[in-house]
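Peer 1:
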């Protein structure tokens with residue numbers, strides 16, 4: 051069939067269609083995103099599960115703690131103590147990913163308490179979650 055016209059009958063008429071006259075487009079179903087590049091097509095699931103949302107919150111939390119470490123002028127190898135006051139959704143994400151968070155931020159002790167006076171503190175809000183984080187060198 052390659053290189054030959056395709057005969058299509060519609061409404062009593064016959065049409066000759068050649069490949070140059072045809073454009074094939076991928077259309078994403080609900081919950082998917084589709085991207086095309088030449089003969090290649092990629093489809094991604096765009097539905098966010100609660101596990102993915104929690105992981106995203108944990109990663110964003112780590113980024114903010116790393117920014118606080120820089121602002122506090124801590125050495126890259128310094129271990130810290132971390133004090134957190136937050137909304138229930140972010141607390142749940144932190145608890146679910148506590149090992150990852152403490153490893154990435156070099157935290158030797160993470161507690162859900164008011165930051166002490168001698169700690170470096172930041173208050174922030176992201177993804178409708180509020181957080182107050184205090185850190186100090188361990």
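In this note's numbering, the protein residues as written are 51 to 188.
Cβ coordinates follow ideal geometry from the N, Cα and C atoms, glycine included.
1. Expressed to the nearest angstrom, what Euclidean distance is found between the alpha-carbon atoms of residue 83 and residue 169?
2. List the residues that DSSP assigns as beta-bridge partners of residue 161.
3. Contact between the region 66-74 and the region 105-122: three or more CB pairs below 8 Å?
4. Which residues in the same chain as residue 68 place their Cβ atom closer than 6 Å to its Cβ, once the five residues preceding and following it in sequence are excluded?
5. Can you tell me whether residue 178 is buried or exposed? The criterion is at least 16 other CB atoms within 10 Å of its CB, across all chains shown.
6. Based on DSSP bridge pairs, tell me the residues matched to residue 180.
7. Give the DSSP-derived three-state secondary structure of residue 98 in the structure shown.
8. So, are the CB atoms of residue 183 and residue 171 less than 8 Å apart?
9. Could you pull the start and end residues of the beta strand (DSSP E) that residue 77 belongs to?
10. Do you know offhand how far residue 128's Cα is from residue 147's?
11. Mapping DSSP to helix, strand and coil, what is residue 54?
Peer 2: Taking the structure as given:
1. 44 Å
2. 133
3. no
4. 55
5. exposed
6. 175
7. coil
8. yes
9. Here residue 77 belongs to no beta strand (DSSP E), and DSSP marks it neither H nor E.
10. 21 Å
11. coil
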